[in-house]
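Sequences listed follow chains A and B, in order.
Numbering of the first sequence is given in the working numbering, commencing with residue 535 and proceeding in unit increments.
Numbering of the second sequence is given in the working numbering, commencing with residue 114 and proceeding in unit increments.
In this text, a Cβ means the ideal position worked out from N, Cα and C, and glycines have one as well.
None of these values were measured; they are calculated from a predicted model.
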Amino acid sequence: DVKVTQSSRYLVKRTGEKVFLECVQDMDHENMFWYRQDPGLGLRLIYFSYDVKMKEKGDIPEGYSVSREKKERFSLILESASTNQTSMYLCASSLSGTSGSNEQFFGPGTRLTVL
Amino acid sequence: GQSLEQPSEVTAVEGAIVQINCTYQTSGFYGLSWYQQHDGGAPTFLSYNALDGLEETGRFSSFLSRSDSYGYLLLQELQMKDSASYFCAVRSNTGGFKTIFGAGTRLFVKA
Numbered sequence: 535d536v537k538v539t540q541s542s543r544y545l546v547k548r549t550g551e552k553v554f555l556e557c558v559q560d561m562d563h564e565n566m567f568w569y570r571q572d573p574g575l576g577l578r579l580i581y582f583s584y585d586v587k588m589k590e591k592g593d594i595p596e597g598y599s600v601s602r603e604k605k606e607r608f609s610l611i612l613e614s615a616s617t618n619q620t621s622m623y624l625c626a627s628s629l630s631g632t633s634g635s636n637e638q639f640f641g642p643g644t645r646l647t648v649l
Numbered sequence: 114g115q116s117l118e119q120p121s122e123v124t125a126v127e128g129a130i131v132q133i134n135c136t137y138q139t140s141g142f143y144g145l146s147w148y149q150q151h152d153g154g155a156p157t158f159l160s161y162n163a164l165d166g167l168e169e170t171g172r173f174s175s176f177l178s179r180s181d182s183y184g185y186l187l188l189q190e191l192q193m194k195d196s197a198s199y200f201c202a203v204r205s206n207t208g209g210f211k212t213i214f215g216a217g218t219r220l221f222v223k224a
């Protein structure tokens with residue numbers, strides 16, 4: 535079974551703090567994604583990566599950065615946390631390729647609260 | 114731009130059939146996926162349609178019409194455990210084959 539793990543289920547941080555969210559997958563997937571999920575807005579893509587040291591902006595990258603130094607690990611960084619970044623953060627991974635479903639496997643999520 | 118529309122809520126009774134519609138607007142369409150998410154859980158993949166027509170997987174079926182930019186998820190013989198949120202998602206060949214998700218449809222199954 536594909537397993538995607540995230541470093542924390544719940545996190546509380548203060549405004550202005552630097553926040554690191556870690557994601558690790560164990561199935562040798564090329565693609566990794568970071569989403570945030572808010573009520574009524576679905577999953578919105580923040581950043582994704584299709585290879586080590588490669589990254590692409592999603593739809594809402596402002597205020598975030600990412601790091602992918604190893605294939606299995608994709609980190610999301612909030613440089614200076616703000617209250618509007620309070621959300622559920624979901625990491626996902628998938629195989630590469632243009633054919634097939636590009637099925638994404640999700641981690642359990644990190645609920646971040648910024649006070 | 115890219116957008117997806119799906120109903121925010123659907124209610125049905127146990128044993129019934131329910132259809133969740135999804136219309137999309139995107140450039141470079143590759144395929145339409147459906148994901149299920151229970152409260153407190155992670156989204157899990159249900160189905161994928163790249164070509165027009167119906168794909169069946171047990172009690173769940175998914176349909177796609179590329180000419181209408183429309184698809185639906187059909188759930189048959191509804192069970193209480195099907196109460197969850199369902200997301201349609203479009204895979205496009207822009208921006209590195211990223212996937213865009215809809216806002217989700219909350220399905221309530223009543224006894």
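Residue i beta carbon near the ligand ZN (any heavy atom closer than 7 Å)
i	result
G643(A)	Among the ligands in the structure shown, none appear at all, so the ligand ZN cannot be discussed.
Span separating the alpha-carbon of residue i from that of residue j
i	j	result
V538(A)	P595(A)	22 Å
L177(B)	I213(B)	16 Å
L624(A)	L555(A)	10 Å
G571(A)	Q192(B)	Here residue 571(A) is Gln; the residue named in the question, Gly, does not match the sequence. If I take the Cα positions, the gap works out to 26 Å.
C201(B)	S146(B)	6 Å
D181(B)	S196(B)	28 Å
G153(B)	G217(B)	15 Å
V558(A)	Y148(B)	21 Å
F640(A)	A224(B)	30 Å
E603(A)	G597(A)	20 Å
N162(B)	E168(B)	7 Å
Strand pairing of residue i, partner residues [DSSP]
i	result
N134(B)	Y185(B)
N162(B)	L145(B)
D572(A)	G576(A)
E169(B)	S174(B)
L624(A)	Y569(A)
V586(A)	V586(A) is not bridged to any residue.
Host beta strand (DSSP E) of residue i (start-end)
i	result
I611(A)	R607 to L612
A197(B)	A197 to S205
I594(A)	Segment: none, I594(A) is in no beta strand (DSSP E) and carries neither H nor E.
G116(B)	According to the sequence displayed, residue 116(B) carries Ser and not Gly. Per DSSP, S116(B) belongs to the beta strand (DSSP E) from S116 to E118.
>> Does the contact criterion of 3 or more C-beta pairs under 8 Å hold for the segment 586–599 of chain A versus the segment 625–644 of chain A?
In response: At 8 Å Cβ cutoff, the stretches do not touch.
>> Please list, in chain order, the residues of the segment 564–582 of chain A that have any C-beta partner in chain B closer than 7 Å.
In response: So the close ones are G574, L575, G576, L577, L579 and F582.
>> I want to know whether the segment 183–193 of chain B touches the segment 126–134 of chain B - three or more CB-CB distances under 8 Å.
In response: By the Cβ rule, the segment 183–193 of chain B counts as touching the segment 126–134 of chain B, because three or more pairs are nearer than 8 Å.
> Quick check: the segment 543–554 of chain A against the segment 565–582 of chain A, are there 3 or more CB pairs under 8 Å?
Replying inline: At 8 Å Cβ cutoff, the stretches do not touch.
> Between the segment 639–648 of chain A and the segment 612–623 of chain A, are three or more C-beta pairs nearer than 8 Å?
Replying inline: Touching, yes, given that three or more Cβ pairs across the two stretches are closer than 8 Å.
> Listed in chain order, which residues of the segment 124–154 of chain B have Cβ atoms closer than 7 Å to some Cβ of chain A?
Replying inline: If the cut-off is 7 Å between Cβ atoms, the segment 124–154 of chain B has G144 and S146 near chain A.
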